[in-house]
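Counting from 73, one number per residue, gives the positions in the sequence shown under my numbering.
Here a beta-carbon is modelled for each residue, glycine too, at the ideal position from N, C-alpha and C.
Fair warning: this is a prediction, and the values are worked out from it, not measured in the lab.
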Amino acid sequence: MALSICSIASGSRGNCILVKGADTALLIDVGVPLEYLVKALESLNISPAQIDGVLITHEHGDHTNGLPAFCRRFPAPVYVYEQAAAGVKKRLRKETFDFRCVVFSDGDFFIKGLGVSPIVLPHDVPCTGYSIWDREEKISVVTDLGTMPTRVLQSVADSGVLMIESNHDPDLLRASSKYPPVLKRRILSSHGHLSNADCAEAVVRLYAAGRLKRVILAHLSLENNYPDLALSTLRAAFQRAGLRIEGLEVSVAEQYKTTGFLAATS
Ligand SMILES: [Zn+2]
Ligand SMILES: [Zn+2]
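Spelled out as structure tokens, the structure:
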């Protein structure tokens, strides 16, 4: 099977992604309960023991809550960006961290047959997205970023599939009675989360410039967003740019539902 991606869970209550190559299976984040992850992997015909590595984006609980339980049951090494290591270390027992975690700095590396390029993202704790590649095929994941820097756009430009955060609608967020002002400011800041409009602008630029075939809108807020709003914001941005969105396959990743596999090439 070609390089492909499946969202296992996506949103502020928990995140986990599976990326699969010919002979390599990787997880990005384990922010879900272990029982949920095991069931989801089994529904995709993958045994958790087959996972060759776990890439962590950052320390936040929605990306790491299931990691201690995963490490107790399964042997895969855990890859952590050096700037994020102190935060992730707090989530694991010291022995587990020292024994299981591979701390990487900037630059590409390989896990079995797949290349991994970390992408540093602007978030309120050290955070990375990832491009995973196999020869000409490439899949990129960028969530938990307050803005979309040009260097990030450049590094994901030649991806066949892009999983990108479309977190919130700023008007819904500002009007929310559930979120305290300090949390609203954090989410809206340049180190918070990407809005629907900022996500749409990035997707339009990438689609116009490159070979993007599939996009997965991800990490949607359950309180300040809904799938139709994220999709209509994207459609409107394509229309304004004079582009036909029909050329792009768009999925929305849900909180506790897998997307099925999306391949980097058709
Ligand atoms: Zn998150
Ligand atoms: Zn976060």
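- Every residue whose beta carbon comes nearer than 5 Å to a heavy atom of ligand 2 appears here in chain order: His-132 and Asp-216.
- Contact annotation: Asp-124 and Ile-183 have beta-carbon atoms nearer than 7 Å.
- In this structure, Tyr-202 sits away from Val-174, with a CB-CB distance that is not shorter than 7 Å.
- Per DSSP, the unbroken alpha helix (DSSP H) holding Leu-245 starts and ends at 242-247.
- Segment contact: the stretch 176-194 against the stretch 239-257, fewer than three CB-CB distances shorter than 8 Å; contact not assigned.
- For Phe-181, the enclosing beta strand (DSSP E) has its first and last residue at 181-183.
- Between Cys-199 and Thr-129, the C-beta gap is smaller than 7 Å, which places the two residues in contact.
- Excluding sequence positions up to five before and after Gly-332, its CB lies within less than 7 Å of the CB of Cys-78, all in the same chain and listed in chain order.
- Between ligand 1 and the CB of Asp-95, the shortest heavy atom gap is not smaller than 6 Å.
- Using a 10 angstroms sphere on the CB of Asn-117, the tally of other CB atoms stays under 16, which defines it as exposed.
- Restricting attention to Arg-283, Ser-261, Thr-330 and Ala-247, the CA atom closest to the CA of Leu-225 is found in Arg-283.
- Taking all protein chains shown into account, Thr-330 has 16 or more neighbouring C-beta atoms within 10 Å of its C-beta and is therefore buried.
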